[in-house]
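K.L.:
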Amino acid sequence: MPDLLECGRVLNTHGIRGEIKIDPWCDSPVVFEQLSALYIDGHPYPLEKSRSHKSFVLCKLQGIDTPEAAMAFKNKTVFLDKEEVPLEDGAYFLADILGFEAYDERTGQVIGTLQEVRPSPASDLYVIAGPQGEILIPAVPAFVGHVDFPNRRITFHTIEGMLPHEN
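Below, the structure written as structure tokens:
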């Protein structure tokens, strides 16, 4: 079984040829154009074509040729095979770092575990759950240091007042 990653949700059908309209959860909808298949309910569906349409992605799945057949996928989560998405050196999927230990270089302490990556207008926020409560750290180079995959640890560089007990 391939290593799957959530990449969107089917919103509706599109047109009369069985296309599906997807709300993409990727950095760019262009990712869909690189894929050979989408996975829905654990089943691979070969991708005949994919194109961006406004802020959505329209996909034609092999064997799905009518709006009625496409309707069966409405509100379903869509997955991709991570092996089909090339990453630049040093890049990683956010899903791969969830659960990593969060270490603060300034205090020299583990401050919790990365629980979630929350979108926000300026930058994503890393949500750290720890004994001091919830800590929000902007996902920017000034605060995010080294990601250590073998040890499942992220080093952060907090500033005074960022941690709950400092307020």
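Numbering of the sequence shown is given in my numbering, commencing with residue 17 and proceeding in unit increments. Quick reminder that beta carbons are idealized off the backbone N, C-alpha and C, glycines included. These numbers were taken from a predicted model, which means no experiment stands behind them.
1) At 3 residues or longer, what runs of the beta strand (DSSP E) sit wholly inside the segment 66–98?
2) Among E104, C42, F172, which residue has its Cα nearest to the Cα of F95?
3) With C-beta atoms as the reference, is Q131 less than 9 Å away from A145?
4) Does the segment 36–53 come close enough to the segment 133–149 to have 3 or more Cβ pairs within less than 8 Å?
5) What does a CB cutoff of less than 8 Å around D168 pick up in its chain, not counting 5 residues either side in sequence?
6) Taking only three categories from DSSP, how would you classify D120?
7) Determine, using beta-carbon pairs with one atom in the segment 76–85 and one in the segment 29–48, whether at least three such pairs fall under 8 Å.
8) Could you check what DSSP says for F109 in three-state terms: helix, strand or coil?
9) Output the distance between the C-alpha atoms of K92 and K98, rounded to the nearest integer angstrom.
10) Any chance you could list the beta strand (DSSP E) runs of at least 3 consecutive residues sitting entirely within the segment 141–165, in chain order?
11) Within this structure, are the beta carbons of F172 and D120 separated by less than 9 Å?
12) Assuming the contact rule is C-beta atoms closer than 8 Å, V163 and V101 should be a hit. Round their C-beta distance to whole Å, please.
13) Roughly how many angstroms separate the alpha carbons of H59 and L110, rounded to a whole number?
14) Taking DSSP as the reference, what is the three-state secondary structure of E35?
15) Per DSSP, what kind of secondary structure is V26 in: helix, strand or coil?
P.N.:
Well, looking at it:
1) 72–77, 93–97
2) C42
3) yes
4) no
5) It is worth fixing the name first, because residue 168 is Arg in this sequence and not Asp. So the qualifying residues of the chain are G115, F116, E117.
6) strand
7) yes
8) coil
9) 19 Å
10) 141–146, 149–154, 160–164
11) yes
12) Wrong, their Cβ atoms sit about 18 Å apart, outside the cutoff.
13) 23 Å
14) strand
15) strand
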